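J.: The structure's right below; bear with me while I get my questions together.
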Amino acid sequence: MKKVSRIIKIFHILWFYGLFDLLKKALRPSLLSLLIYPLAKFNPSRNRPRGERLRLALEALGPVFIKFGQVLSTRRDLLPEDIADELAKLQDQVAPFSSEESARIVEKALGKPISEIFASFEVDPVASASIAQVHFGVLKGDAKNSDLVGKAVAVKVLRPNIIKVIESDLALMHSLARMIEKFSYDGKRLKPREVVAGFDTTIHDELDLLREAANCSQLRRNFEGSTKIMIPEVYWDFCHPNVMVMERMDGISIAKLDELKAAGVDLRLLAVDGVEVFFTQAFAHGFFHADMHPGNIMVSTAPETFGRLISLDFGIVGTLSEVDKNYLVQNFLAFFNRDYHRVAALHIESGWVPAETKVEELEGAVRAVCEPYFDRPLKDISLGLVLLRLFQTSRRFKVEIQPQLTLLQKTLLNVEGLGRQLDPDLDLWKTVKPIMQNWMNEQIGFKGFFHKMQKEAPHWAQTIPTIPRLITTLLEKNINSKQEQQLDELINELKLSKKTNVAWKFVSVFFIGVCTGGFILLLLIN
(Lines of atoms letter the chains of each structure in order from A and count residues from 1; the text may use other names and numbers.)
(Lines give C-alpha, C1' and ligand atoms only; values in the text may rest on other atoms or scores of the structure.)
Protein backbone atom coordinates (compact mmCIF):
# COMPACT_ATOMS: atom_id res chain seq x y z
CA MET A 1 0.00 0.00 0.00
CA LYS A 2 2.85 2.39 0.85
CA LYS A 3 4.47 1.71 -2.51
CA VAL A 4 1.23 2.49 -4.36
CA SER A 5 0.74 5.75 -2.44
CA ARG A 6 4.36 6.70 -3.17
CA ILE A 7 3.85 6.11 -6.91
CA ILE A 8 0.68 8.23 -6.83
CA LYS A 9 2.58 11.03 -5.06
CA ILE A 10 5.40 10.88 -7.62
CA PHE A 11 2.95 11.10 -10.53
CA HIS A 12 1.18 14.05 -8.89
CA ILE A 13 4.48 15.93 -8.44
CA LEU A 14 5.51 15.15 -12.03
CA TRP A 15 2.20 16.59 -13.23
CA PHE A 16 2.25 19.62 -10.92
CA TYR A 17 5.73 20.72 -12.08
CA GLY A 18 5.01 20.09 -15.74
CA LEU A 19 7.45 17.23 -16.21
CA PHE A 20 4.94 15.30 -18.32
CA ASP A 21 5.37 18.07 -20.87
CA LEU A 22 9.12 17.28 -21.00
CA LEU A 23 8.41 13.55 -21.18
CA LYS A 24 5.93 14.07 -24.03
CA LYS A 25 8.70 15.57 -26.20
CA ALA A 26 11.18 12.86 -25.25
CA LEU A 27 8.98 9.75 -25.61
CA ARG A 28 8.49 7.70 -28.75
CA PRO A 29 4.84 7.07 -29.77
CA SER A 30 3.48 4.36 -27.48
CA LEU A 31 0.64 3.60 -25.08
CA LEU A 32 2.61 5.39 -22.35
CA SER A 33 2.95 8.54 -24.44
CA LEU A 34 -0.82 8.48 -25.23
CA LEU A 35 -1.55 8.41 -21.47
CA ILE A 36 0.86 11.29 -20.80
CA TYR A 37 -0.25 13.66 -23.61
CA PRO A 38 -3.54 14.76 -21.94
CA LEU A 39 -1.78 15.34 -18.59
CA ALA A 40 0.97 17.37 -20.25
CA LYS A 41 -1.43 20.07 -21.44
CA PHE A 42 -2.53 21.23 -17.99
CA ASN A 43 -0.12 21.97 -15.13
CA PRO A 44 0.33 24.95 -12.79
CA SER A 45 4.08 25.32 -13.56
CA ARG A 46 4.14 25.23 -17.36
CA ASN A 47 5.48 28.80 -17.68
CA ARG A 48 8.63 28.12 -15.64
CA PRO A 49 11.93 27.06 -17.29
CA ARG A 50 12.30 23.29 -17.64
CA GLY A 51 15.44 23.09 -15.48
CA GLU A 52 13.76 24.95 -12.62
CA ARG A 53 10.70 22.68 -12.85
CA LEU A 54 12.88 19.59 -12.63
CA ARG A 55 14.79 20.95 -9.62
CA LEU A 56 11.61 21.88 -7.75
CA ALA A 57 10.09 18.45 -8.47
CA LEU A 58 13.15 16.67 -7.05
CA GLU A 59 13.02 18.87 -3.94
CA ALA A 60 9.33 18.00 -3.49
CA LEU A 61 10.03 14.28 -3.88
CA GLY A 62 12.33 14.30 -0.86
CA PRO A 63 15.89 13.61 0.32
CA VAL A 64 16.73 10.60 -1.89
CA PHE A 65 15.63 12.37 -5.07
CA ILE A 66 17.49 15.54 -4.01
CA LYS A 67 20.64 13.49 -3.60
CA PHE A 68 20.00 11.87 -7.00
CA GLY A 69 19.68 15.32 -8.59
CA GLN A 70 22.96 16.38 -7.02
CA VAL A 71 24.73 13.31 -8.41
CA LEU A 72 22.99 13.72 -11.80
CA SER A 73 24.27 17.30 -12.01
CA THR A 74 27.81 15.88 -12.28
CA ARG A 75 26.90 14.16 -15.59
CA ARG A 76 27.21 17.27 -17.75
CA ASP A 77 28.39 15.00 -20.55
CA LEU A 78 24.79 13.68 -20.71
CA LEU A 79 22.60 16.65 -19.73
CA PRO A 80 21.66 19.93 -21.45
CA GLU A 81 23.49 22.85 -19.83
CA ASP A 82 20.36 24.61 -18.47
CA ILE A 83 19.22 21.45 -16.64
CA ALA A 84 22.70 20.68 -15.26
CA ASP A 85 22.99 24.26 -13.94
CA GLU A 86 19.64 24.04 -12.14
CA LEU A 87 20.38 20.65 -10.62
CA ALA A 88 23.66 22.02 -9.26
CA LYS A 89 21.56 24.38 -7.08
CA LEU A 90 19.96 21.54 -5.13
CA GLN A 91 20.66 21.89 -1.41
CA ASP A 92 20.31 19.39 1.44
CA GLN A 93 18.15 21.64 3.62
CA VAL A 94 16.19 18.87 5.31
CA ALA A 95 14.27 19.08 8.58
CA PRO A 96 16.14 17.35 11.44
CA PHE A 97 14.81 14.22 13.11
CA SER A 98 14.13 14.18 16.85
CA SER A 99 16.98 14.58 19.34
CA GLU A 100 15.67 11.63 21.36
CA GLU A 101 15.92 9.39 18.31
CA SER A 102 19.41 10.68 17.60
CA ALA A 103 20.55 9.92 21.17
CA ARG A 104 18.98 6.45 20.98
CA ILE A 105 20.91 5.66 17.75
CA VAL A 106 24.21 6.79 19.32
CA GLU A 107 23.66 4.74 22.48
CA LYS A 108 22.72 1.61 20.53
CA ALA A 109 25.71 1.97 18.16
CA LEU A 110 28.31 2.63 20.89
CA GLY A 111 26.78 0.31 23.51
CA LYS A 112 26.71 2.90 26.33
CA PRO A 113 24.38 5.61 27.64
CA ILE A 114 25.05 9.12 26.29
CA SER A 115 25.97 10.25 29.81
CA GLU A 116 28.82 7.70 29.97
CA ILE A 117 30.31 8.73 26.61
CA PHE A 118 29.89 12.50 26.63
CA ALA A 119 30.39 15.12 29.32
CA SER A 120 27.91 17.16 27.28
CA PHE A 121 25.83 16.43 24.19
CA GLU A 122 23.90 19.19 22.37
CA VAL A 123 20.44 17.85 21.60
CA ASP A 124 19.77 20.39 18.83
CA PRO A 125 21.68 19.45 15.65
CA VAL A 126 24.00 22.05 14.09
CA ALA A 127 23.42 20.67 10.58
CA SER A 128 20.85 18.41 8.95
CA ALA A 129 21.08 16.83 5.50
CA SER A 130 19.33 14.11 3.50
CA ILE A 131 21.46 11.26 4.88
CA ALA A 132 22.50 12.34 8.39
CA GLN A 133 22.61 15.17 10.93
CA VAL A 134 25.39 16.49 13.16
CA HIS A 135 25.46 17.25 16.91
CA PHE A 136 28.21 18.88 18.95
CA GLY A 137 29.46 17.32 22.17
CA VAL A 138 32.37 16.94 24.58
CA LEU A 139 33.90 13.52 25.26
CA LYS A 140 34.09 12.20 28.79
CA GLY A 141 36.92 9.81 28.01
CA ASP A 142 37.94 6.81 30.13
CA ALA A 143 41.02 4.87 31.19
CA LYS A 144 41.41 3.59 27.62
CA ASN A 145 41.00 7.06 26.07
CA SER A 146 42.35 9.35 28.79
CA ASP A 147 43.87 11.70 26.18
CA LEU A 148 40.36 12.42 24.83
CA VAL A 149 38.94 13.76 28.09
CA GLY A 150 37.31 17.12 27.39
CA LYS A 151 37.75 16.87 23.60
CA ALA A 152 35.18 18.90 21.66
CA VAL A 153 33.67 16.65 19.00
CA ALA A 154 31.14 16.58 16.17
CA VAL A 155 28.85 13.54 16.15
CA LYS A 156 27.38 12.56 12.79
CA VAL A 157 24.29 10.34 13.05
CA LEU A 158 22.63 8.50 10.16
CA ARG A 159 18.91 9.14 9.76
CA PRO A 160 16.69 6.42 11.26
CA ASN A 161 15.16 4.00 8.75
CA ILE A 162 16.91 5.86 5.94
CA ILE A 163 18.05 2.58 4.36
CA LYS A 164 14.45 1.37 3.95
CA VAL A 165 13.41 4.71 2.43
CA ILE A 166 16.37 4.69 0.07
CA GLU A 167 15.83 1.08 -1.02
CA SER A 168 12.18 1.81 -1.78
CA ASP A 169 12.94 4.94 -3.80
CA LEU A 170 15.87 3.27 -5.57
CA ALA A 171 13.57 0.47 -6.72
CA LEU A 172 11.27 3.09 -8.26
CA MET A 173 14.22 4.86 -9.87
CA HIS A 174 15.40 1.61 -11.46
CA SER A 175 11.87 1.05 -12.82
CA LEU A 176 11.69 4.61 -14.21
CA ALA A 177 15.14 4.19 -15.77
CA ARG A 178 14.02 1.05 -17.60
CA MET A 179 10.93 2.87 -18.89
CA ILE A 180 12.97 5.85 -20.10
CA GLU A 181 15.44 3.56 -21.87
CA LYS A 182 12.60 1.66 -23.53
CA PHE A 183 10.30 4.51 -24.54
CA SER A 184 12.55 7.58 -24.93
CA TYR A 185 14.18 8.71 -28.18
CA ASP A 186 17.43 9.35 -26.26
CA GLY A 187 17.09 6.32 -23.98
CA LYS A 188 20.22 4.53 -25.14
CA ARG A 189 22.38 7.65 -25.31
CA LEU A 190 21.40 8.87 -21.84
CA LYS A 191 22.05 5.42 -20.32
CA PRO A 192 19.48 5.92 -17.52
CA ARG A 193 19.96 2.44 -16.04
CA GLU A 194 23.72 2.98 -15.77
CA VAL A 195 23.22 6.43 -14.21
CA VAL A 196 20.81 5.05 -11.58
CA ALA A 197 23.15 2.10 -10.91
CA GLY A 198 26.00 4.56 -10.33
CA PHE A 199 23.82 6.57 -7.94
CA ASP A 200 22.85 3.35 -6.17
CA THR A 201 26.53 2.65 -5.47
CA THR A 202 27.28 6.24 -4.42
CA ILE A 203 24.41 6.56 -1.97
CA HIS A 204 25.11 3.15 -0.40
CA ASP A 205 28.71 4.26 0.13
CA GLU A 206 27.42 7.39 1.90
CA LEU A 207 25.22 5.26 4.15
CA ASP A 208 28.31 3.66 5.70
CA LEU A 209 29.83 6.22 8.07
CA LEU A 210 32.83 3.95 8.66
CA ARG A 211 33.69 4.40 4.98
CA GLU A 212 33.34 8.17 5.35
CA ALA A 213 35.56 8.09 8.44
CA ALA A 214 38.20 6.19 6.44
CA ASN A 215 38.02 8.81 3.66
CA CYS A 216 38.45 11.58 6.24
CA SER A 217 41.41 9.80 7.84
CA GLN A 218 43.12 9.31 4.45
CA LEU A 219 42.74 12.97 3.47
CA ARG A 220 44.02 14.09 6.87
CA ARG A 221 47.09 11.88 6.47
CA ASN A 222 47.70 13.23 2.95
CA PHE A 223 47.76 16.81 4.28
CA GLU A 224 49.64 16.17 7.49
CA GLY A 225 51.70 19.27 8.31
CA SER A 226 49.87 21.46 5.77
CA THR A 227 49.53 25.19 6.51
CA LYS A 228 46.70 25.60 4.01
CA ILE A 229 44.00 23.12 5.06
CA MET A 230 42.72 21.40 8.20
CA ILE A 231 40.87 18.08 8.26
CA PRO A 232 39.28 16.72 11.46
CA GLU A 233 40.74 13.77 13.33
CA VAL A 234 38.57 10.67 13.51
CA TYR A 235 38.08 9.03 16.91
CA TRP A 236 37.78 5.42 15.84
CA ASP A 237 36.73 4.01 19.22
CA PHE A 238 33.49 5.99 18.86
CA CYS A 239 32.69 5.16 15.22
CA HIS A 240 30.11 2.77 13.83
CA PRO A 241 28.42 2.29 10.42
CA ASN A 242 25.69 4.76 11.48
CA VAL A 243 27.64 7.00 13.91
CA MET A 244 30.87 8.94 13.30
CA VAL A 245 32.65 10.94 16.00
CA MET A 246 35.37 13.35 14.89
CA GLU A 247 37.25 16.42 16.04
CA ARG A 248 35.07 19.53 16.21
CA MET A 249 36.19 22.23 13.78
CA ASP A 250 35.17 25.85 14.31
CA GLY A 251 35.24 28.53 11.67
CA ILE A 252 33.29 30.76 9.28
CA SER A 253 31.54 29.30 6.24
CA ILE A 254 33.46 30.16 3.09
CA ALA A 255 30.18 31.42 1.57
CA LYS A 256 29.96 34.26 4.17
CA LEU A 257 32.29 36.71 2.46
CA ASP A 258 31.30 39.71 4.60
CA GLU A 259 32.10 37.85 7.82
CA LEU A 260 35.42 36.67 6.41
CA LYS A 261 36.38 40.22 5.41
CA ALA A 262 35.34 41.55 8.81
CA ALA A 263 37.55 38.91 10.47
CA GLY A 264 40.52 40.09 8.37
CA VAL A 265 40.85 37.01 6.13
CA ASP A 266 42.79 37.60 2.88
CA LEU A 267 40.24 36.43 0.30
CA ARG A 268 42.72 36.46 -2.61
CA LEU A 269 45.16 34.24 -0.74
CA LEU A 270 42.25 32.00 0.32
CA ALA A 271 41.21 31.57 -3.34
CA VAL A 272 44.74 30.55 -4.36
CA ASP A 273 45.03 28.17 -1.40
CA GLY A 274 41.71 26.51 -2.28
CA VAL A 275 42.74 25.90 -5.89
CA GLU A 276 46.18 24.62 -4.86
CA VAL A 277 44.69 22.26 -2.28
CA PHE A 278 42.26 20.74 -4.78
CA PHE A 279 44.86 20.22 -7.52
CA THR A 280 47.31 18.79 -4.99
CA GLN A 281 44.64 16.27 -3.99
CA ALA A 282 43.92 15.36 -7.60
CA PHE A 283 47.41 15.24 -9.12
CA ALA A 284 49.81 14.67 -6.24
CA HIS A 285 47.64 12.27 -4.22
CA GLY A 286 45.17 10.95 -6.81
CA PHE A 287 42.53 11.03 -4.04
CA PHE A 288 40.25 14.08 -3.85
CA HIS A 289 37.26 15.43 -1.95
CA ALA A 290 34.52 15.35 -4.59
CA ASP A 291 31.83 17.37 -2.79
CA MET A 292 33.54 20.72 -2.29
CA HIS A 293 30.53 23.03 -2.20
CA PRO A 294 30.46 26.00 0.25
CA GLY A 295 28.47 24.06 2.84
CA ASN A 296 31.42 21.69 3.30
CA ILE A 297 34.18 24.31 3.58
CA MET A 298 34.94 26.70 6.44
CA VAL A 299 37.80 29.04 7.27
CA SER A 300 39.54 28.95 10.64
CA THR A 301 39.70 32.17 12.67
CA ALA A 302 41.63 30.70 15.62
CA PRO A 303 44.92 32.64 16.12
CA GLU A 304 47.19 29.59 15.64
CA THR A 305 45.44 28.44 12.43
CA PHE A 306 44.04 31.75 11.14
CA GLY A 307 42.98 31.75 7.48
CA ARG A 308 43.32 28.01 6.90
CA LEU A 309 40.64 26.11 5.02
CA ILE A 310 38.60 23.52 6.93
CA SER A 311 37.21 20.59 4.94
CA LEU A 312 34.11 18.65 6.07
CA ASP A 313 31.79 15.84 4.88
CA PHE A 314 33.78 13.07 3.20
CA GLY A 315 31.00 10.83 1.92
CA ILE A 316 31.95 11.38 -1.73
CA VAL A 317 35.58 11.13 -2.83
CA GLY A 318 37.20 10.55 -6.20
CA THR A 319 40.33 8.71 -7.24
CA LEU A 320 42.60 9.15 -10.27
CA SER A 321 45.03 6.56 -11.57
CA GLU A 322 48.42 7.47 -13.03
CA VAL A 323 46.88 6.97 -16.48
CA ASP A 324 44.03 9.40 -15.65
CA LYS A 325 46.43 12.02 -14.31
CA ASN A 326 48.72 11.69 -17.32
CA TYR A 327 45.73 12.09 -19.66
CA LEU A 328 44.43 15.20 -17.87
CA VAL A 329 47.76 16.97 -17.43
CA GLN A 330 48.82 16.42 -21.04
CA ASN A 331 45.38 17.55 -22.25
CA PHE A 332 45.56 20.79 -20.27
CA LEU A 333 49.15 21.51 -21.34
CA ALA A 334 48.34 20.74 -24.98
CA PHE A 335 45.25 22.94 -24.80
CA PHE A 336 47.15 25.96 -23.53
CA ASN A 337 49.79 25.38 -26.23
CA ARG A 338 46.98 25.12 -28.82
CA ASP A 339 48.30 21.70 -29.80
CA TYR A 340 44.92 20.28 -30.83
CA HIS A 341 46.50 17.38 -32.70
CA ARG A 342 48.02 16.23 -29.39
CA VAL A 343 44.64 16.57 -27.61
CA ALA A 344 43.02 14.37 -30.29
CA ALA A 345 45.86 11.84 -30.20
CA LEU A 346 45.57 11.60 -26.39
CA HIS A 347 41.89 10.67 -26.70
CA ILE A 348 42.75 7.85 -29.09
CA GLU A 349 45.82 6.69 -27.13
CA SER A 350 43.74 6.51 -23.95
CA GLY A 351 41.40 4.01 -25.61
CA TRP A 352 38.32 6.13 -24.85
CA VAL A 353 37.80 6.87 -28.54
CA PRO A 354 37.46 3.95 -30.97
CA ALA A 355 40.85 3.07 -32.48
CA GLU A 356 39.52 3.55 -36.02
CA THR A 357 38.75 7.24 -35.32
CA LYS A 358 40.62 9.53 -37.72
CA VAL A 359 42.83 11.79 -35.64
CA GLU A 360 42.42 14.65 -38.14
CA GLU A 361 38.61 14.60 -37.76
CA LEU A 362 38.83 14.62 -33.97
CA GLU A 363 41.49 17.34 -34.12
CA GLY A 364 39.14 19.56 -36.17
CA ALA A 365 36.31 19.05 -33.66
CA VAL A 366 38.61 19.84 -30.71
CA ARG A 367 39.90 22.98 -32.45
CA ALA A 368 36.33 24.22 -33.03
CA VAL A 369 35.59 23.79 -29.30
CA CYS A 370 38.81 25.18 -27.85
CA GLU A 371 39.91 27.99 -30.15
CA PRO A 372 37.20 30.49 -29.04
CA TYR A 373 38.61 30.39 -25.49
CA PHE A 374 41.77 32.15 -26.62
CA ASP A 375 39.85 35.36 -27.34
CA ARG A 376 39.74 35.76 -23.54
CA PRO A 377 42.48 36.54 -21.02
CA LEU A 378 43.99 33.41 -19.48
CA LYS A 379 42.58 34.34 -16.08
CA ASP A 380 39.04 34.09 -17.50
CA ILE A 381 39.46 30.58 -18.92
CA SER A 382 37.63 27.87 -16.98
CA LEU A 383 39.50 24.56 -16.86
CA GLY A 384 36.28 22.87 -15.79
CA LEU A 385 34.45 24.13 -18.88
CA VAL A 386 37.38 23.17 -21.11
CA LEU A 387 37.18 19.64 -19.74
CA LEU A 388 33.39 19.62 -20.14
CA ARG A 389 33.61 20.75 -23.78
CA LEU A 390 36.23 18.10 -24.49
CA PHE A 391 33.93 15.44 -23.00
CA GLN A 392 30.96 16.71 -25.02
CA THR A 393 33.03 16.70 -28.22
CA SER A 394 34.27 13.20 -27.44
CA ARG A 395 30.69 11.99 -27.15
CA ARG A 396 30.20 12.63 -30.88
CA PHE A 397 32.97 10.13 -31.51
CA LYS A 398 31.29 7.41 -29.38
CA VAL A 399 33.56 7.79 -26.38
CA GLU A 400 32.36 6.67 -22.94
CA ILE A 401 33.74 9.14 -20.43
CA GLN A 402 35.09 7.53 -17.26
CA PRO A 403 32.98 8.25 -14.11
CA GLN A 404 36.00 9.45 -12.11
CA LEU A 405 36.70 12.12 -14.75
CA THR A 406 33.14 13.51 -14.73
CA LEU A 407 33.34 13.60 -10.93
CA LEU A 408 36.61 15.54 -11.20
CA GLN A 409 35.12 17.91 -13.76
CA LYS A 410 32.10 18.61 -11.52
CA THR A 411 34.33 19.27 -8.51
CA LEU A 412 36.66 21.43 -10.61
CA LEU A 413 33.70 23.61 -11.63
CA ASN A 414 32.76 23.97 -7.94
CA VAL A 415 36.33 24.92 -6.99
CA GLU A 416 36.66 27.41 -9.84
CA GLY A 417 33.34 29.05 -9.02
CA LEU A 418 34.30 29.31 -5.37
CA GLY A 419 37.76 30.63 -6.19
CA ARG A 420 36.42 33.36 -8.46
CA GLN A 421 33.76 34.25 -5.91
CA LEU A 422 36.59 34.94 -3.46
CA ASP A 423 38.78 36.67 -6.07
CA PRO A 424 37.18 37.66 -9.40
CA ASP A 425 40.68 38.25 -10.86
CA LEU A 426 41.96 34.76 -9.97
CA ASP A 427 44.25 33.47 -12.74
CA LEU A 428 43.51 29.79 -12.41
CA TRP A 429 46.07 28.69 -15.00
CA LYS A 430 48.88 30.63 -13.29
CA THR A 431 48.00 28.90 -10.01
CA VAL A 432 47.62 25.40 -11.46
CA LYS A 433 50.43 25.27 -14.04
CA PRO A 434 53.30 24.83 -11.50
CA ILE A 435 51.45 21.90 -9.89
CA MET A 436 50.98 20.21 -13.27
CA GLN A 437 54.56 20.86 -14.36
CA ASN A 438 55.86 19.50 -11.06
CA TRP A 439 53.79 16.35 -11.59
CA MET A 440 55.17 15.99 -15.12
CA ASN A 441 58.74 16.42 -13.81
CA GLU A 442 58.13 13.63 -11.32
CA GLN A 443 56.92 11.33 -14.09
CA ILE A 444 59.58 11.96 -16.73
CA GLY A 445 63.28 12.90 -16.74
CA PHE A 446 65.89 12.04 -14.10
CA LYS A 447 63.68 13.06 -11.19
CA GLY A 448 60.89 10.78 -12.36
CA PHE A 449 63.38 7.99 -13.09
CA PHE A 450 64.88 8.10 -9.59
CA HIS A 451 61.43 8.45 -7.99
CA LYS A 452 60.30 5.24 -9.72
CA MET A 453 63.59 3.53 -8.82
CA GLN A 454 62.99 4.44 -5.17
CA LYS A 455 59.41 3.20 -5.37
CA GLU A 456 60.49 -0.14 -6.86
CA ALA A 457 63.46 -0.60 -4.46
CA PRO A 458 61.58 -2.77 -1.88
CA HIS A 459 60.49 -5.13 -4.64
CA TRP A 460 64.02 -5.31 -6.04
CA ALA A 461 65.43 -5.98 -2.56
CA GLN A 462 63.37 -9.16 -2.49
CA THR A 463 63.94 -10.13 -6.12
CA ILE A 464 67.70 -9.49 -6.66
CA PRO A 465 68.99 -12.14 -4.15
CA THR A 466 66.90 -14.80 -5.91
CA ILE A 467 68.27 -14.02 -9.39
CA PRO A 468 71.19 -16.58 -9.27
CA ARG A 469 68.79 -19.35 -8.23
CA LEU A 470 66.31 -18.33 -10.91
CA ILE A 471 69.09 -18.34 -13.56
CA THR A 472 70.33 -21.79 -12.42
CA THR A 473 66.78 -23.17 -12.52
CA LEU A 474 66.25 -21.66 -15.94
CA LEU A 475 69.54 -23.14 -17.27
CA GLU A 476 68.69 -26.56 -15.84
CA LYS A 477 65.29 -26.41 -17.48
CA ASN A 478 66.94 -25.30 -20.71
CA ILE A 479 69.52 -28.14 -20.57
CA ASN A 480 66.85 -30.70 -19.76
CA SER A 481 64.71 -29.31 -22.52
CA LYS A 482 67.62 -29.53 -24.99
CA GLN A 483 68.43 -33.07 -23.87
CA GLU A 484 64.81 -34.06 -24.35
CA GLN A 485 64.81 -32.39 -27.72
CA GLN A 486 68.04 -34.20 -28.76
CA LEU A 487 66.62 -37.54 -27.57
CA ASP A 488 63.46 -36.93 -29.58
CA GLU A 489 65.54 -36.10 -32.65
CA LEU A 490 67.63 -39.31 -32.22
CA ILE A 491 64.52 -41.44 -31.90
CA ASN A 492 63.07 -39.82 -35.00
CA GLU A 493 66.32 -40.45 -36.87
CA LEU A 494 66.32 -44.11 -35.80
CA LYS A 495 62.73 -44.46 -36.88
CA LEU A 496 63.55 -42.83 -40.17
CA SER A 497 66.65 -45.05 -40.53
CA LYS A 498 64.58 -48.16 -39.83
CA LYS A 499 62.05 -47.14 -42.41
CA THR A 500 64.86 -46.45 -44.91
CA ASN A 501 66.45 -49.89 -44.32
CA VAL A 502 63.13 -51.61 -44.91
CA ALA A 503 62.70 -49.69 -48.11
CA TRP A 504 66.17 -50.55 -49.31
CA LYS A 505 65.63 -54.22 -48.48
CA PHE A 506 62.42 -54.22 -50.49
CA VAL A 507 64.12 -52.52 -53.43
CA SER A 508 67.08 -54.96 -53.23
CA VAL A 509 64.83 -58.02 -53.15
CA PHE A 510 62.78 -56.62 -55.99
CA PHE A 511 65.96 -55.86 -58.01
CA ILE A 512 67.48 -59.30 -57.33
CA GLY A 513 64.18 -60.93 -58.20
CA VAL A 514 63.97 -59.03 -61.47
CA CYS A 515 67.60 -59.84 -62.31
CA THR A 516 67.16 -63.58 -61.44
CA GLY A 517 63.96 -63.78 -63.43
CA GLY A 518 65.61 -62.14 -66.40
CA PHE A 519 68.62 -64.50 -66.21
CA ILE A 520 66.38 -67.58 -66.13
CA LEU A 521 64.37 -66.22 -69.03
CA LEU A 522 67.53 -65.81 -71.09
CA LEU A 523 68.62 -69.39 -70.36
CA LEU A 524 65.26 -70.75 -71.49
CA ILE A 525 65.38 -68.76 -74.69
CA ASN A 526 68.86 -70.02 -75.55
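When we follow UniProt numbering, the leftmost residue of the sequence shown carries the number 1, and every step to the right adds one.
Virtual Cβ for every residue (Gly too), placed ideally from N, Cα, C.
Bear in mind that the values here come from a model prediction, so they are computed numbers and not experimental data.
1. For the alpha helix (DSSP H) holding L333, just list the boundary residues, first then last.
2. Name the residue from D250, I66, G69 and R104 whose alpha carbon lies nearest to the alpha carbon of V123.
3. Helix or strand or just coil, what does DSSP make of W15?
4. Straight-line CA distance for V329 to M440?
5. Apply the 10 Å Cβ neighbour rule to H12 and answer buried if 16 or more other Cβ atoms are within range, or exposed otherwise.
6. Shorter than 7 Å from the beta carbon of G417 to some beta carbon of chain B?
7. Once DSSP output is grouped into helix, strand and coil, what is the label at I7?
8. What ranges does the beta strand (DSSP E) occupy inside the region 88 to 127, keeping only unbroken runs of at least 3 residues that lie completely in it?
9. In the DSSP assignment, the beta strand (DSSP E) including E247 goes from what residue to what residue?
10. So the alpha helix (DSSP H) H240 belongs to, where does it begin and stop?
11. K261: buried (16+ other C-beta within 10 angstroms of its C-beta) or exposed?
12. Please give the ranges of any beta strand (DSSP E) in the region 270 to 322, keeping only runs that are unbroken, at least 3 residues long and fully inside the region.
13. Go ahead and pull the three-state DSSP assignment for A255.
14. What does a CB cutoff of less than 8 Å around I83 pick up in its chain, not counting 5 residues either side in sequence?
15. Could you check what DSSP says for R53 in three-state terms: helix, strand or coil?
16. Does the count of Cβ pairs from the region 285 to 302 and the region 237 to 246 closer than 8 Å reach three?
17. What do you get for A15, buried or exposed, if any count of 16 or more other CB atoms within 10 angstroms of its CB means buried?
18. What residue does the alpha helix (DSSP H) around L72 start on, and which one ends it?
19. Let me know if E304 comes out buried or exposed under the rule of 16 or more other beta-carbons within 10 Å of its beta-carbon.
20. Looking only at its own chain, which residues have a Cβ that is under 6 Å from the Cβ of Y340, when we skip the five neighbours before and after it?
21. Taking the CB atoms as reference points, tell me whether L219 and I203 lie closer together than 7 Å.
22. Cβ of I66 within 7 Å of Cβ of L72?
23. Have a look at the DSSP bridge pairing and note the partners of K156.
T.: Taking the definition as stated:
1. E322 to F336
2. R104
3. helix
4. 8 Å
5. exposed
6. Absence of chain B from the displayed structure is noted, only one protein chain being present.
7. helix
8. 118 to 121
9. V243 to E247
10. Taken as a continuous stretch (DSSP letters only), H240 belongs to no alpha helix (DSSP H), as it is neither H nor E.
11. exposed
12. 287 to 289, 297 to 299, 309 to 311 and 317 to 319
13. coil
14. R50, G51 and L54
15. helix
16. no
17. A quick correction: the sequence has Trp, not Ala, at residue 15. Per the 10 Å Cβ criterion, buried.
18. P63 to L72
19. exposed
20. E363, V366 and R367
21. no
22. no
23. V134 and M244
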